[in-house]
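Below is one structure, written out as structure tokens; comments come after it.
Residue numbers (the working numbering): 84 to 316.
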């Protein structure tokens, strides 16, 4: 019996879709851009580190202003009134809890008949007050207060050697306070409840104009200590 010869097998290579080659110019531009961004980041880092060493106060002031500006822009974009939570009233040491609350300062109470003051360190959420001015409205909650309040007065005082006398006449039902970054100044905002949300906000401080208290000289009997006395915050 004869057998039919089998047809020879031919190996056929699989067909692959052609992969377009990347443009050499495009990849070079991409690498160049990444390199530029990397260099800029490095330069910015060097500037910041150098500033912290050579001019820490000025650097802190610039970076603080940038942070406050960014926070303000985000808040404005939200279209809602910013919110502030008030904590209990107690000693200045409450500020070091650093949990985002503004704490009532017991040391301010019943002194020169000034309004109650709630304070927070700038790097603990207190820096929000640095961007607010007369006419701005804030939602307040906590320590027996609740509702929409409006900034009606502003007072700027030195951070060192300031006294409660510098707050006499500050308008409002109570005040929020924090320190500026990198400079020897604090900002106090006097607030009053908003009785008619549809009414236009105030355009001028209750006292007629923002008051900026000049720096104080230390008392004659001052002896340097690790921490200077003052309003703090």
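By construction, the Cβ of each residue, glycine as well, lies at the ideal position given by its N, Cα and C atoms.
Item: Distance CB(residue 174)-CB(residue 258) smaller than 9 Å; Value: no
Item: Residues near residue 164 in its chain [Cβ-Cβ closer than 7 Å; skip 5 each side]; Value: 220, 221, 222, 231
Item: Neighbour-count burial assignment, residue 254, 16 or more Cβ in a 10 Å radius; Value: buried
Item: 8 Å CB neighbourhood of residue 169 in its chain, flanking five on each side removed; Value: 184, 185, 186, 187, 201, 223, 224, 225, 226, 228
Item: Residues bridged to residue 262 [DSSP beta-bridge criterion]; Value: 269
Item: Bridge partner(s) assigned by DSSP for residue 276; Value: 232
Item: Residue 221 - containing beta strand (DSSP E), residue span; Value: 220 to 225
Item: Length of the line joining the Cα atoms of residue 146 and residue 218; Value: 26 Å
Item: Beta-bridge pairing of residue 172 - partner residues as DSSP gives them; Value: 187
Item: Three-state secondary structure assigned by DSSP to residue 296; Value: coil
Item: Residue span of the beta strand (DSSP E) that contains residue 202, given as start and end; Value: 200 to 202
Item: Residue(s) in a DSSP beta bridge with residue 240; Value: 269
Item: Through-space distance from residue 205 to residue 264, alpha-carbon basis; Value: 7 Å
Item: Among 191, 284, 156, 268, the one whose alpha carbon lies nearest that of residue 294; Value: 268
Item: Straight-line gap, residue 197 to residue 242 (C-alpha atoms, nearest Å); Value: 18 Å
Item: Length of the line joining the Cα atoms of residue 213 and residue 270; Value: 7 Å
Item: Proximity below 9 Å, CB of residue 250 to CB of residue 195; Value: yes
Item: Alpha carbon of residue 167 to alpha carbon of residue 207, nearest angstrom; Value: 12 Å
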